[in-house]
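Novice: A single structure is presented below for examination.
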Amino acid sequence: MVVTIDLNKRQHQILEIVKENGPITGEHIAERLNLTRATLRPDLAILTMAGFLDARPRVGYFYTGKTKTQLLTDNLKEIYVKDHQSVPVVVSESASVYDAICTIFLEDIGTLFVVDEASCLVGVLSRKDLLRAALGKQELSSIPVHIIMTRMPNITVCEKEDLLIDVATKLIDKQIDAVPIVKRKADGYEVIGRITKTNITKAFVALANEDL
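The sequence shown begins at 317 in the working numbering and counts up one residue at a time.
Have a look at this one:
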């Protein structure tokens, strides 16, 4: 995967040489810097792996012309939901609001996914939904969650092959904290995972800190 990094002085010098003289061989770059090819090899490897340079056998190095922002965009287009998903927490649509409140706090999560008898997704419950119900005067143990949940088809979902950046955009646009990862079935969607704001934050922090 392409990784954006902070370049040192010599790496910046290499980029300038390749910009002005590319395609240019490693030997010729080394001559211009009065260095040996062996000394230069790690820097060339870093610049190539990071996406700043492109190397072609028997031709030399080319400058790709990409900025750090463009390289970061390339990175984000290589991060998939399946690599950062977490285990979903589901409740039956017949479960009570009281049970759902207990589950959401015991599991320390912000969103519950509601399934029917066939284990297909039928709804979503957020902490806000449960808090709103708890503020009323109803007996929470007698209210089934399907009364207060957000129902299909008004549920935002994703699949494991989706890009993480696309899911992040959905979270922002819909102002929600999590989306279920689903697998299509003949009779609906099976919940196979979840992606939360925390998952996405961890993935982006890992990307920023990743070493070559």
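All residues carry an ideal CB built from backbone N, CA and C; glycine is no exception.
Leaving out five residues before and five after Asp527 in sequence, what residues of the same chain have Cβ atoms less than 6 Å from its Cβ?
Specialist: The predicted position of Asp527 is uncertain, since its pLDDT is 39 and thus under 50; no value can be drawn from it.
Novice: So if DSSP puts Cys418 in a beta bridge, which residue, or which two residues, is it bridged to?
Specialist: Paired residue(s): none; Cys418 is not in a bridge.
Novice: If Asp493 and Gly426 are in contact, beta carbons under 8 Å, what's the gap, nearest whole angstrom?
Specialist: With 8 Å as the limit, Asp493 and Gly426 qualify as a contact, their Cβ atoms being about 4 Å apart.
Novice: Output the boundary residues of the beta strand (DSSP E) element that contains Leu441.
Specialist: Looking at the DSSP string, the run of the beta strand (DSSP E) that includes Leu441 is 437 to 442.
Novice: Would you tell me roughly how many angstroms separate the C-alpha atoms of Glu394 and Ser458, rounded to the nearest one?
Specialist: Distance between the alpha carbons of Glu394 and Ser458: 47 Å.
Novice: Return the Cβ separation of Leu487 and Val495 in integer angstroms, given the expectation that the two are a contact with Cβ distance under 8 Å.
Specialist: Their Cβ separation, rounded to whole angstroms, is 7 Å, which keeps Leu487 and Val495 in contact under 8 Å.
Novice: Considering Leu428, what are the terminal residues of the beta strand (DSSP E) in which it resides?
Specialist: Unbroken beta strand (DSSP E) run through Leu428: 427 to 431.
Novice: Give the secondary structure of Glu506 by DSSP, where H, G and I count as helix, E and B as strand, and everything else as coil.
Specialist: Here Glu506 sits in strand by DSSP.
Novice: Taking the alpha-carbon of Pro404 as reference, which of Pro469, Cys474, Ile333 has the nearest alpha-carbon?
Specialist: Closest option to Pro404, Cα to Cα, is Cys474.
Novice: Counting pairs of Cβ atoms below 8 Å between the region 368 to 377 and the region 329 to 345, do you hit three or more?
Specialist: Flag = yes, the region 368 to 377 and the region 329 to 345 touch.
Novice: Based on DSSP bridge pairs, tell me the residues matched to Gly376.
Specialist: Answer is Arg372, bridged to Gly376.
Novice: With respect to the alpha helix (DSSP H) encompassing Val334, which residues constitute its N-terminal and C-terminal limits?
Specialist: Note, Val334: alpha helix (DSSP H), 325 to 337.
Novice: Is DSSP giving Ser402 helix, strand or coil here?
Specialist: Correct three-state label for Ser402: strand.
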